[in-house]
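Structure first, commentary second.
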Ligand SMILES: Cc1ncc(COP(=O)(O)O)c(C=O)c1O
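In the numbering used here, the protein residues as written are -9 to 391.
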């Protein structure tokens, strides 16, 4: 008997990588422990505190003894508040009793939804570049992620014909993230309508990750949602959450909205994962959605200022091009003219100049040639970052000449 404990580890672990973003975090922690100044453009986490009225509602709930299991779906006042919010955002009526599940972050919503609908061998369409969770969870479910390339040339629009030509008898789901991570780009209403037509024609489920929908700099206050397209409410799972828009990432709170039938499927999985979200924090989240939304407006205004600082700065740097990302707090400049791979560029910026970004290749093949800048850090840090980045790229140009 020559068996090791390692031989017992599940094979599915070989299907998923450790997150490329987490690797950057580890490096930065080490640099800061050594006393180096770092520009934090690596993490999609806001620098704001959670607004006080939200904290107070959670504390009050804790103090009055809301310390027991909640229903699997979440507390009803929060589900109703989510339903109401979804109706404001999408124009589609949602029933809080039957169509909403409160999740431990949007991430749990993605996990439970993919496990609920994807069989081994099923194909899941994901845009490339994209936030890597959909691909990883699809693999955990035994499914096969199929990438749809997108490019900076047209602000990472998803081309319906590129989607359609990848559809087979095994295709089950299409994942859309708009505004996107890592690009910050927003899919237009027309594009979403064309994608909806394909989803209906080929009987696909759409996982629509709308966690950045309210961080939108285009016309209106919210990015368009595929859920609003007639015929889509019965086949779409909306993924959303509190992490970004209310600066509550450490609370771990998100939600799914779907038809009653689909919600029952997702609920079955959730009953065996986290069972329910911490009860008292759900009261804080209810206050977030039902209270004054000025805090959200203020945060989005501040992100808009930072976005302009970063975009203006990038556009002054020779040989860097950048799409007009209309949402989230990311820009995804093309740095390929400098002759380094995106990983080499990200390493150079952090090692030599203390600017932390994430290599575009972390988000898929089409991300090569880009770096992701998350301008969710302070305005001052964004302004300093731009100045240092200009210096770093000028030094590279000098070396090249
Ligand atoms: C597109 C997207 N979806 C979901 C999440 C996860 O959100 P949560 O903190 O609610 O799990 C993130 C976090 O970065 C994200 O970028």
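Yeah, the Cβ is synthetic: ideal placement off N, Cα and C, and Gly gets one too.
These figures come from a predicted structure and were not determined experimentally.
With a 10 Å radius around its C-beta and 16 neighbouring C-beta atoms as the bar for buried, classify residue 110 as buried or exposed.
-> Stepping through the chain shown from its first residue, residue 110 is reached at position 120. That one is exposed.
Counting Cβ pairs closer than 8 Å, one from the stretch 227 to 238 and one from the stretch 36 to 55, do we hit at least three?
-> yes
Going by the C-beta, is residue 30 closer than 8 Å to any heavy atom of ligand 1?
-> Sequence index remark: in the chain shown, residue 30 carries index 40 (1-based). Between ligand 1 and the CB of residue 30, the shortest heavy atom gap is not smaller than 8 Å.
Assuming residue 152 and residue 135 make a contact with CB atoms under 8 Å, what is their CB distance in whole Å?
-> Here residue 152 refers to the residue found at position 162 when the chain shown is read from its first residue. Here residue 135 refers to the residue found at position 145 when the chain shown is read from its first residue. Incorrect: roughly 15 Å between the Cβ atoms, too far for contact.
Where do the ends of the beta strand (DSSP E) carrying residue 419 lie?
-> This structure gives no information on residue 419, because the portion of the chain shown stretches from -9 to 391.
Per DSSP, cross-strand counterpart(s) of residue 113 | Here the question's residue 113 lines up with position 123 in the chain shown. Answer by DSSP bridge pairing, in chain order: 134 and 161.
Proximity test, residue 202 beta-carbon vs ligand 1 heavy atom, cut-off 8 Å | As a position in the chain shown, residue 202 is number 212, starting the count at 1. Because some heavy atom of ligand 1 lies under 8 Å away, the Cβ of residue 202 counts as near it: yes.
Would you check if the distance between the CB atom of residue 130 and the CB atom of residue 5 is smaller than 9 Å?
-> Locating residue 130 in the chain shown gives position 140, counting from the first residue. Locating residue 5 in the chain shown gives position 15, counting from the first residue. Yes.
Opening and closing residue of the beta strand (DSSP E) in which residue 102 lies | Translated into the one-based positions of the chain shown, residue 102 becomes position 112. Counting along the chain, residue 102 falls outside any beta strand (DSSP E), though it belongs to the alpha helix (DSSP H) covering 96 to 107.
For residue 369, I'd like the list of residues in its chain whose CB is within less than 8 Å of its CB, leaving aside the five on either flank, ordered along the chain.
-> The residue labelled residue 369 in the question sits at position 379 within the chain shown. So the qualifying residues of the chain are 292, 295, 296 and 299.
For the alpha helix (DSSP H) that contains residue 21, what are its first and last residues?
-> Numbered from 1 along the chain shown, position 31 holds the residue referred to as residue 21. Segment 10 to 23, the alpha helix (DSSP H) holding residue 21.
Compute the Euclidean distance between the alpha carbons of residue 257 and residue 381, then round it to the nearest angstrom.
-> Looking up residue 257 in the chain shown gives position 267. Looking up residue 381 in the chain shown gives position 391. C-alpha separation (whole angstroms): 52 Å.
Mind listing which residues have their beta carbon within less than 6 Å of any non-hydrogen atom of ligand 1? Chain order is fine.
-> 34, 95, 96, 97, 121, 167, 171, 199, 201, 231, 233, 239 and 244
Are there 16 or more other CB atoms within 10 angstroms of the CB of residue 324, so buried, or fewer, so exposed?
-> Translated into the one-based positions of the chain shown, residue 324 becomes position 334. The residue is buried, with at least 16 neighbouring Cβ atoms inside 10 Å.
Mapping DSSP to helix, strand and coil, what is residue 93?
-> The residue labelled residue 93 in the question sits at position 103 within the chain shown. Note: residue 93 maps to strand in three-state DSSP.
Counterpart residues of residue 172 in DSSP-defined beta bridges | Counted from its first residue, the chain shown places residue 172 at position 182. Bridge partners of residue 172: none, in fact.
Endpoints, beta strand (DSSP E) assigned at residue 228 = Numbered from 1 along the chain shown, position 238 holds the residue referred to as residue 228. Looking at the DSSP string, the run of the beta strand (DSSP E) that includes residue 228 is 226 to 231.
Please name the residue or residues paired with residue 206 in a DSSP beta bridge.
-> Your numbering for residue 206 matches position 216 in the chain shown. Answer is 317, bridged to residue 206.
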